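Colleague: Mapping of the sequence shown onto my numbering: residues 3 to 586, in sequence order. The structure's right below; bear with me while I get my questions together.
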Amino acid sequence: MSKASEPSNRPSGRLTGGRAMAEMLRLAGAGPMFGMGGFQLLPFYDALSQLGLQHFLINDERCGAFAADAYARVTNRPGICDGTLGPGATNLVTGLIESLNAGTPIVAFAGDTHRAHSWKNMTQECRQVEILRPAVKELIRVEHTSRVPEFLRRAFAVATSGRPGPVLLDVPEDVCHGEYEFTAEDFAIDATTLGTPARRIRPDRADIGRAVALLAHAKRPLILVGGGIHLSAAYDALLKLAEAQSIPVAHTMSGKGGLACTHPLSAGLFGRYSRIANDLIEASDCLLVVGCKLGEIATKRYALPSRSIPTIHLEIVAEEIGRCLPAEVALWGDARAGLEDIAEALAEDGRHARGARADYVAELPKRMAAWREEARPRLQSHERPIHMARLCSELNRGLPAESILVADGGFAAHWTGLLYDTKTAGRHFIPDRGLASIGYGLPGGIGAALAAPKTPVVAITGDGGFNMMIGELETARRAGIGLTIVVVNNAASGYVKALQHAMFRGRYQSSDLVEMDYAAIARAMGCNGIRVEDPEQLAAALKSGLSERTRPTILDVVVTRDPARMLPAVDSRTIEVKQGDRVA
Ligand SMILES: Cc1ncc(C[n+]2csc(CCOP(=O)(O)OP(=O)(O)O)c2C)c(N)n1
Ligand SMILES: [Mg+2]
3 MSKASEPSNR PSGRLTGGRA MAEMLRLAGA GPMFGMGGFQ LLPFYDALSQ
53 LGLQHFLIND ERCGAFAADA YARVTNRPGI CDGTLGPGAT NLVTGLIESL
103 NAGTPIVAFA GDTHRAHSWK NMTQECRQVE ILRPAVKELI RVEHTSRVPE
153 FLRRAFAVAT SGRPGPVLLD VPEDVCHGEY EFTAEDFAID ATTLGTPARR
203 IRPDRADIGR AVALLAHAKR PLILVGGGIH LSAAYDALLK LAEAQSIPVA
253 HTMSGKGGLA CTHPLSAGLF GRYSRIANDL IEASDCLLVV GCKLGEIATK
303 RYALPSRSIP TIHLEIVAEE IGRCLPAEVA LWGDARAGLE DIAEALAEDG
353 RHARGARADY VAELPKRMAA WREEARPRLQ SHERPIHMAR LCSELNRGLP
403 AESILVADGG FAAHWTGLLY DTKTAGRHFI PDRGLASIGY GLPGGIGAAL
453 AAPKTPVVAI TGDGGFNMMI GELETARRAG IGLTIVVVNN AASGYVKALQ
503 HAMFRGRYQS SDLVEMDYAA IARAMGCNGI RVEDPEQLAA ALKSGLSERT
553 RPTILDVVVT RDPARMLPAV DSRTIEVKQG DRVA
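This is the structure:
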């Protein structure tokens with residue numbers, strides 16, 4: 003039991019519902035929190051202030067949900083956000099769905115109407131419960147002030163158990179403002195539900211046996227990891243299995259950092275963009291898929307892997323197994339527990355397996371070096387506007403191992419997903435691949451920076467994504483965080499423009515942005531702002547950003563404006579695309 007949740011710390015007596023909410027969050031050790039107030043939740047806000055809990059006003063509730071999501075990913079503890087009645091609640095939707103799809107634990111609050119007046123055209127009133135319900139793992143409507151602690155307990159349990167996810171408490175005004183005589187026992191907390199994963203479940207023994215039989219006979223096995231590797235914090239188990247059995251590891255964008263990208267067994271990103279991993283998948287004779295939904299991007303629109311390769315799928319959500327790719331062996335359970343069980347069952351074969359696979363794993367560094375050689379002109383490009391590959395190289399060079407890179411939904415995540423190298427295992431790369439919304443970068447960076455105040459945090463975002471969220475620079479400045487935001491300035495909704503180039507013969511519609519100087523905007527907002535047009539200045543600009551500890555830095559990086567050269571891998575001038583095809 004955490005210190006805060008000890009019985010002696012629990013309140014009792016006559017309290018408002020809002021105070022009870024805040025007391026439970028105090029006992030849970032939760033926060034910082036993100037939200038925007040309104041009348042309905044004001045007793046909650048007042049209690050936060052009375053209790054000295056950290057809560058940040060954000061400028062759009064969607065950003066609060068994104069910030070809470072990133073906070074939760076860094077800490078493995080539920081992120082907390084709130085929105086007021088109506089527009090506050092509906093603004094939460096996009097952020098909550100990111101957390102739902104990515105499996106991020108969140109406890110969210112929405113204020114709702116006073117029940118004595120609801121459905122009489124109350125100001126801001128809408129059918130928010132129905133709008134929010136499919137955006138969360140569970141929506142709890144709180145009908146009694148007395149039940150606030152019970153439902154917060156439930157929210158933490160649901161958010162952190164099984165596949166984690168967001169839980170929303172819909173709190174009517176009269177429940178939040180209303181009072182109840184609480185006892186100390188009402189505020190009990192199950193400390194095991196305050197972080198993820200709350201509980202671990204092991205796959206069935208017989209299934210482990212079948213998986214192990216397949217792996218033991220494989221000459222070219224490959225492990226494919228998704229975001230579940232982080233949710234389960236399965237880093238040690240993955241490393242041990244990979245090294246003991248000489249099995250390379252490829253990752254999705256969300257799975258990056260399951261194994262350090264710099265590890266000799268790392269095959270890098272697989273799926274839509276790949277260095278060498280897709281080729282290794284094609285030549286593999288046994289795939290072990292871990293904590294990965296095998297969705298569109300991981301599978302290149304379901305073209306990969308070939309169905310003839312026997313696949314073992316280890317996954318916490320049973321019904322995800324076989325959804326996109328038939329699994330020869332289904333392992334239902336926690337990623338860490340499952341990897342440990344496989345490693346244990348194979349332990350005696352280790353020496354033999356390593357000997358048999360020596361040539362196989364020796365291929366990896368050679369292939370990676372060949373890839374790097376081929377990519378060198380782009381990775382080291384001196385061209386202006388700056389080449390995205392050069393920007394990624396500078397991030398690789400300039401960010402210390404413990405850094406966190408938050409990557410926004412546009413090109414930023416695809417380029418860095420392919421080219422950024424985490425130097426140690428862990429949550430060092432945070433892309434919003436749950437819903438892939440643009441606009442996550444800046445608020446996600448705020449959440450990550452507050453979660454890890456001593457760690458260098460860089461957010462990389464498109465100019466379109468940044469435009470969406472520019473008001474949150476004010477939040478970042480007010481919070482006094484030394485976040486570095488790299489704006490990939492291509493004066494375009496680049497992904498859209500690149501596709502219009504490839505598929506519609508350059509008929510561009512609504513994909514151009516006006517030229518902006520984001521560094522000047524940042525400076526006008528009291529932040530550090532540096533415009534970078536020369537690639538040789540990237541390193542110094544990054545250094546300047548990382549040295550700021552109390553105010554945000556915007557690096558406005560001017561990158562290619564040629565839509566034929568915006569995609570990370572496919573030069574779209576060299577391929578013919580039919581309408582209806584998807585190139586990237
Ligand atoms: C909220 C939202 N709207 C639209 C999209 C579709 N979309 C994907 S990438 C992209 C371009 C975004 O432009 P920008 O942020 O400048 O990134 P770039 O591709 O130019 O690097 C768009 C519109 C999305 N992912 N999210
Ligand atoms: Mg752009």
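Backbone N, C-alpha and C define an ideal beta-carbon position, used for all residues, glycine too. All values reported here derive from a predicted model rather than from experimental measurement.
Does any heavy atom of ligand 1 sit closer than 7 Å to the C-beta of D465?
Modeller: Within the sequence shown, the letter at position 463 stands for residue 465. Yes; taking the cut-off as 7 Å, the Cβ of D465 has a heavy atom of ligand 1 nearer than that.
Colleague: Which of the three DSSP states, helix, strand or coil, is assigned to V144?
Modeller: The count along the sequence shown starts at 1 and reaches residue 144 at position 142. Of the three classes helix, strand and coil, the one that applies to V144 here is coil, per DSSP.
Colleague: For R222, collect the residues of the same chain with a Cβ closer than 7 Å to its Cβ; drop the 5 residues on either side in sequence, then sort them by chain order.
Modeller: In the sequence shown, residue 222 corresponds to position 220, counting from 1. Around R222: A285, S286, D287 and Y362.
Colleague: How big is the Cα-Cα spacing for A200 and E330?
Modeller: Translated into positions along the sequence shown, residue 200 becomes position 198. Translated into positions along the sequence shown, residue 330 becomes position 328. Approximately 29 Å between the Cα atoms of the pair.
Colleague: Is the closest heavy atom of ligand 1 to the C-beta of F413 under 7 Å?
Modeller: What you label residue 413 is simply residue 411 of the sequence shown in a count that begins at 1. Because some heavy atom of ligand 1 lies under 7 Å away, the Cβ of F413 counts as near it: yes.
Colleague: Tell me, please, whether the segment 362-382 touches the segment 346-354 by the rule of three or more beta-carbon pairs shorter than 8 Å.
Modeller: The segment 362-382 vs the segment 346-354: no contact.
Colleague: When you measure from the CB of G496 to every non-hydrogen atom of ligand 1, does any distance come out below 7 Å?
Modeller: Position 494 of the sequence shown holds residue 496. Proximity of the beta carbon of G496 to ligand 1 is indicated: a heavy atom of the ligand is located closer than 7 Å.
Colleague: In this structure, does DSSP put Y275 in helix, strand or coil?
Modeller: Reading the sequence shown from its first residue, position 273 is the one you call residue 275. Reduced to three states, the DSSP call for Y275 is coil.
Colleague: Give the DSSP bridge partners of V173, in chain order.
Modeller: As a working note, residue 173 is residue 171 in the sequence shown. DSSP output for V173 lists G113 as bridge partner(s).
Colleague: Using a threshold of 7 Å, is the CB atom of V488 nearer than that to any non-hydrogen atom of ligand 1?
Modeller: Within the sequence shown, numbered from 1, the residue matching residue 488 stands at position 486. No, the Cβ of V488 stays beyond 7 Å of every heavy atom of ligand 1.
Colleague: Look up A22 in the DSSP assignment and say whether it is helix, strand or coil.
Modeller: Position 20 of the sequence shown holds residue 22. Three-state result, A22: helix.
Colleague: In whole angstroms, give me the CA-to-CA distance for E152 and H146.
Modeller: The residue you call residue 152 lines up with position 150 of the sequence shown. The residue you call residue 146 lines up with position 144 of the sequence shown. Approximately 10 Å, taken between the alpha carbons.
Colleague: Cβ-heavy atom distance between N398 and ligand 2 below 7 Å?
Modeller: The count along the sequence shown starts at 1 and reaches residue 398 at position 396. Not so, every heavy atom of ligand 2 lies at least 7 Å from the Cβ.
Colleague: How long is the line joining the alpha carbons of R143 and P9, rounded to whole angstroms?
Modeller: Stepping through the sequence shown from its first residue, residue 143 is reached at position 141. Stepping through the sequence shown from its first residue, residue 9 is reached at position 7. One C-alpha to the other measures close to 27 Å.
Colleague: Could you give the uninterrupted runs of the alpha helix (DSSP H) lying entirely in the segment 401-437, keeping only those of 4 residues or more?
Modeller: Complete alpha helix (DSSP H) runs here, min 4: 413-421.
Colleague: Report buried or exposed for S574, applying the criterion of at least 16 other Cβ atoms within 10 angstroms of its Cβ.
Modeller: Position 572 of the sequence shown, counted from the first residue, corresponds to residue 574. With a pLDDT of only 48 at S574, under the threshold of 50, the placement of this residue in the model should not be trusted; the figure read from the coordinates follows. Per the 10 Å Cβ criterion, buried.
Colleague: Expressed to the nearest angstrom, what Euclidean distance is found between the alpha-carbon atoms of D558 and R380?
Modeller: Indexing the sequence shown from 1 puts residue 558 at position 556. Indexing the sequence shown from 1 puts residue 380 at position 378. Pairing D558 with R380, the inter-Cα distance amounts to about 20 Å.
Colleague: Who are the Cβ neighbours of M3 in its own chain at under 7 Å, not counting the five residues just before and after it?
Modeller: Walking along the sequence shown from the start, residue 3 turns up at place 1. Here the model assigns M3 a pLDDT of 48, short of 50, so the residue's position is not dependable and the matter cannot be decided.
Colleague: What is the rounded straight-line gap between the Cα of C128 and the Cα of D172?
Modeller: Within the sequence shown, numbered from 1, the residue matching residue 128 stands at position 126. Within the sequence shown, numbered from 1, the residue matching residue 172 stands at position 170. Taking the straight line from one Cα to the other gives about 13 Å.
Colleague: Alpha carbon to alpha carbon, what distance is there between R553 and E476?
Modeller: In the sequence shown, residue 476 corresponds to position 474, counting from 1. In the sequence shown, residue 553 corresponds to position 551, counting from 1. Going by the C-alpha atoms only, they are around 10 Å apart.
Colleague: Does the Cβ-Cβ distance between V2 and V292 come in under 8 Å?
Modeller: The requested residue 2 is not part of the displayed model; the chain covers only 3 to 586.
Colleague: Is the distance from the Cβ of T125 to the Cβ of E175 below 8 Å?
Modeller: Counting from 1 along the sequence shown, the entry for residue 125 is found at position 123. Counting from 1 along the sequence shown, the entry for residue 175 is found at position 173. No; because the gap between Cβ atoms is not below 8 Å, this pair is not in contact.
Colleague: Considering just the uninterrupted stretch of the beta strand (DSSP E) at T77, what are its terminal residues?
Modeller: Position 75 of the sequence shown, counting from 1, holds the residue named residue 77. T77 -> not in any beta strand (DSSP E); alpha helix (DSSP H) instead, spanning E63 to T77.
Colleague: Determine the closest residue to G113 out of Y73, L43 and V95, with distance taken between C-alpha atoms.
Modeller: Counting from 1 along the sequence shown, the entry for residue 113 is found at position 111. Here the closest residue by C-alpha is L43.
Colleague: Would you call the CB atoms of M593 and N492 closer than 8 Å?
Modeller: Since the first residue shown for the chain is 3 and the last is 586, residue 593 is missing from the structure and cannot be characterised.
Colleague: Spatial neighbours of E317 within its chain, please: C-beta separation below 6 Å, excluding the five flanking residues on both sides.
Modeller: As a working mapping, residue 317 is identified with position 315 in the sequence shown. Excluding sequence neighbours, E317 sits near I323.
Colleague: Kindly indicate which three-state DSSP category D507 falls into: helix, strand or coil?
Modeller: Position 505 of the sequence shown, counting from 1, holds the residue named residue 507. According to the sequence displayed, residue 507 carries Arg and not Asp. It is coil, neither helix nor strand.
Colleague: Specify the secondary structure class of S546 as computed by DSSP and reduced to three states.
Modeller: Along the sequence shown, read from residue 1 onward, the residue named residue 546 stands at position 544. S546: helix per DSSP, three-state reduction.
Colleague: Take T426 as the anchor and find which of R28, S256, G230 and G260 has the nearest alpha-carbon.
Modeller: The sequence position of residue 426 within the sequence shown is 424, counting from 1. The residue with the shortest Cα to Cα distance from T426 is G260.
Colleague: Between N530 and ligand 2, is there a pair consisting of the residue's CB and a ligand heavy atom that are separated by less than 7 Å?
Modeller: By 1-based counting over the sequence shown, the position of residue 530 is 528. No, the Cβ of N530 stays beyond 7 Å of every heavy atom of ligand 2.
Colleague: Helix, strand or coil, according to DSSP, for V1 in the structure here?
Modeller: Not covered by the structure: residue 1. The range shown for the chain is 3 to 586.
Colleague: In its own chain, which residues sit with a C-beta less than 8 Å from the C-beta of K302, not counting the 5 before and 5 after it?
Modeller: Here residue 302 refers to the residue found at position 300 when the sequence shown is read from its first residue. Taken in chain order, the residues that qualify are G273, R274 and N280.
Colleague: Would you decide whether I203 is buried or exposed? Buried here means 16 or more other CB atoms lie within 10 Å of its CB.
Modeller: Position 201 of the sequence shown, counted from the start, is the residue given in the question as residue 203. Looking at its Cβ environment, which holds fewer than 16 other Cβ atoms inside 10 Å, I203 is exposed.
Colleague: CB of E441 to nearest heavy atom of ligand 1: below 7 Å?
Modeller: To locate residue 441, count along the sequence shown from 1; it is residue 439. First, the residue type needs correcting, since residue 441 is Gly and not Glu in the sequence shown. G441: yes, Cβ under 7 Å from ligand 1.
Colleague: Going by Cα to Cα distance, which pick from G400, G441, R525 and S395 is closest to G419?
Modeller: To locate residue 419, count along the sequence shown from 1; it is residue 417. Comparing Cα positions, the closest option is S395.
Colleague: In chain order, what residues of the same chain lie with their CB nearer than 6 Å to the CB of A32, ignoring the 5 residues before and after it?
Modeller: Counting from 1 along the sequence shown, the entry for residue 32 is found at position 30. Around A32, the same chain offers I82 as residues with beta carbons nearer than 6 Å, after the five sequence neighbours per side are excluded.
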